[in-house]
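Peer 1: Numbering (UniProt numbering), first residue to last: 1 to 271.
Here's a structure for you.
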Ligand SMILES: [Zn+2]
Ligand SMILES: [Zn+2]
Ligand SMILES: [Zn+2]
């Protein structure tokens, strides 16, 4: 992914975002290609066009040699700032963000789960996001696969990390905020149709207050969000479709997070 606002030249401005990190065009072309003598202008393509064409047509602007902007700044700190995204990974807005030291994601302290207190952030303390903690711990956490039923009976206190990860996935995917906030406040007639309202912020609250005992409790609350969504929006195909996609995401991520054996009952036919 090429971000033209971050582009300054081949060597300045980390303008290319891969899944793993931000890179300058030169870093990208030398690291990612097996070419003998790679040239970032000709060998990196965007939408089928090499970057040299984008530069000629002024879509990409090369900064002057002694440019004083932050992208061209030689200080280590300014360069380090560009190792992470400019927007919050969860809500996609800007503001004061904390940066993961392992991946390119950035977060608002309140958007990340668990929420990040100032006390957890020192200048020299590394901070690693839930996505990275889960990924690095997964290799040794689940040596054997579980069945869906086994996963549900797990104590939630042993799996807070997984719950936080699953909730972050949902917040991040819920671009139109259909399941995040209390619908009783925001949606007219909601409580006259839905008798058991539940939403993501409330699940987070319950998790923080230790109101769930087993994974089963947590999962059934999350699934209830989707059931409510389908019921309330039965005449609104667009919103219903959004809810279904979020439910699919949750079930997919749940299975992979708990290494659920695929031949066993799945979340959808086990309720
Ligand atoms: Zn510049
Ligand atoms: Zn945010
Ligand atoms: Zn991370």
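Note that the Cβ used here is the ideal one computed from N, Cα and C, for glycine as well.
Is the CB-CB distance between residue 84 and residue 104 below 8 Å?
Peer 2: One-based indexing of the chain shown puts residue 84 at position 84. One-based indexing of the chain shown puts residue 104 at position 104. It is a contact, given that the beta carbons lie within the stated cut-off.
Peer 1: Would residue 130 and residue 164 qualify as a contact pair, given that the criterion is a beta-carbon distance under 8 Å?
Peer 2: Your numbering for residue 130 matches position 130 in the chain shown. Your numbering for residue 164 matches position 164 in the chain shown. Against a cut-off of 8 Å, the Cβ pair of residue 164 and residue 130 comes out as a contact.
Peer 1: How close, in whole Å, do the beta carbons of residue 25 and residue 46 come, if the pair is a contact with beta carbons under 8 Å?
Peer 2: As a first step, residue 25 is located in the chain shown; it is residue number 25 there, counting from the start. As a first step, residue 46 is located in the chain shown; it is residue number 46 there, counting from the start. That pair is no contact at about 11 Å.
Peer 1: Determine the extent of the alpha helix (DSSP H) in which residue 170 is found, giving its start and end residues.
Peer 2: Position 170 of the chain shown holds residue 170. 160-173 is the span of the alpha helix (DSSP H), which, as asked, contains residue 170.
Peer 1: Among 9, 13, 33 and 115, which residue has its Cα nearest to the Cα of residue 208?
Peer 2: Looking up residue 208 in the chain shown gives position 208. Minimum Cα distance to residue 208 is reached at 115.
Peer 1: Please confirm whether any heavy atom of ligand 4 lies closer than 7 Å to the CB of residue 98.
Peer 2: Judged by which ligands are present, ligand 4 is missing from the structure shown, whose ligands are ligand 1, ligand 2 and ligand 3.
Peer 1: Which same chain residues, not among the five before or five after residue 59, have their C-beta less than 7 Å away from its C-beta?
Peer 2: As a working note, residue 59 is residue 59 in the chain shown. For residue 59, where only same-chain residues beyond five positions count, the Cβ hits under 7 Å are 4.
Peer 1: Would you check whether ligand 3 has a heavy atom nearer than 7 Å to the C-beta of residue 105?
Peer 2: What you label residue 105 is simply residue 105 of the chain shown in a count that begins at 1. Yes, ligand 3 has a heavy atom inside 7 Å of this Cβ.
Peer 1: Under 8 Å Cβ to Cβ from residue 230, same chain only, skipping five residues before and after it: list those, please.
Peer 2: The count along the chain shown starts at 1 and reaches residue 230 at position 230. Here the set comprises 240, 243 and 244.
Peer 1: How long is the line joining the alpha carbons of residue 96 and residue 108, rounded to whole angstroms?
Peer 2: Taking the first residue of the chain shown as position 1, residue 96 is located at position 96. Taking the first residue of the chain shown as position 1, residue 108 is located at position 108. C-alpha separation (whole angstroms): 6 Å.
Peer 1: Indicate whether residue 113 and residue 204 have their beta-carbon atoms separated by less than 8 Å.
Peer 2: Walking along the chain shown from the start, residue 113 turns up at place 113. Walking along the chain shown from the start, residue 204 turns up at place 204. A contact, by the Cβ cut-off of 8 Å.
Peer 1: Using 8 Å as the Cβ pair cut-off and three pairs as the minimum, do the stretch 50-64 and the stretch 5-17 touch?
Peer 2: Yes, since at least three Cβ pairs between the stretch 50-64 and the stretch 5-17 fall closer than 8 Å, the two stretches touch.
Peer 1: So, are the CB atoms of residue 228 and residue 178 less than 8 Å apart?
Peer 2: The residue labelled residue 228 in the question sits at position 228 within the chain shown. The residue labelled residue 178 in the question sits at position 178 within the chain shown. No, these two residues do not count as a Cβ contact at 8 Å.
Peer 1: Rounding to the nearest angstrom, what Cα-Cα distance links residue 264 and residue 23 in this structure?
Peer 2: The residue given as residue 264 occupies position 264 in the chain shown. The residue given as residue 23 occupies position 23 in the chain shown. Only weak support exists for where residue 264 lies, its pLDDT of 46 falling under 50; the value from the coordinates is given anyway. Going from the Cα of residue 264 to the Cα of residue 23 covers about 42 Å.
Peer 1: Does residue 273 come out as helix, strand or coil in the three-state DSSP assignment?
Peer 2: Limits of the chain in this structure are 1 at one end and 271 at the other, which puts residue 273 out of reach.
Peer 1: For ligand 1, is there any heavy atom lying closer than 7 Å to the beta carbon of residue 72?
Peer 2: For the purposes of this step, residue 72 is taken as the residue at position 72 of the chain shown. Yes, the beta carbon of residue 72 sits closer than 7 Å to at least one heavy atom of ligand 1.
Peer 1: Any residues whose CB sits closer than 5 Å to a heavy atom of ligand 2? List them in chain order?
Peer 2: Cβ atoms closer than 5 Å to ligand 2 belong to 88, 90, 91, 108 and 111.
Peer 1: Under 7 Å from any heavy atom of ligand 3, does the C-beta of residue 169 make it?
Peer 2: What you label residue 169 is simply residue 169 of the chain shown in a count that begins at 1. Incorrect: residue 169 has no Cβ contact closer than 7 Å to ligand 3.
Peer 1: Along the chain, where does the alpha helix (DSSP H) containing residue 153 start, and where does it finish?
Peer 2: Counted from its first residue, the chain shown places residue 153 at position 153. Unbroken alpha helix (DSSP H) run through residue 153: 148-153.
Peer 1: Once you ignore the five residues that flank residue 18 on each side, which residues in its own chain have a CB closer than 7 Å to its CB?
Peer 2: For the purposes of this step, residue 18 is identified with residue 18 of the chain shown, where counting begins at 1. Counting only Cβ-Cβ distances below 7 Å, and skipping sequence neighbours, we find nothing.
Peer 1: So, using beta-carbon positions, are residue 257 and residue 167 closer together than 8 Å?
Peer 2: For the purposes of this step, residue 257 is taken as the residue at position 257 of the chain shown. For the purposes of this step, residue 167 is taken as the residue at position 167 of the chain shown. No, they are not a contact pair.
Peer 1: Rounded to the nearest angstrom, what separates residue 111 and residue 170 at their Cα positions?
Peer 2: Here the question's residue 111 lines up with position 111 in the chain shown. Here the question's residue 170 lines up with position 170 in the chain shown. Answer to the nearest angstrom: the Cα atoms are 12 Å apart.
Peer 1: Checking the sheet assignment: what are the DSSP bridge partners for residue 197?
Peer 2: On the chain shown, residue 197 is found 197 positions in, with the first residue counted as 1. Residue 197 is not bridged to any residue.
Peer 1: Is the beta carbon of residue 213 less than 8 Å from the beta carbon of residue 156?
Peer 2: Position 213 of the chain shown, counting from 1, holds the residue named residue 213. Position 156 of the chain shown, counting from 1, holds the residue named residue 156. Going by C-beta atoms, residue 213 is nearer than 8 Å to residue 156.
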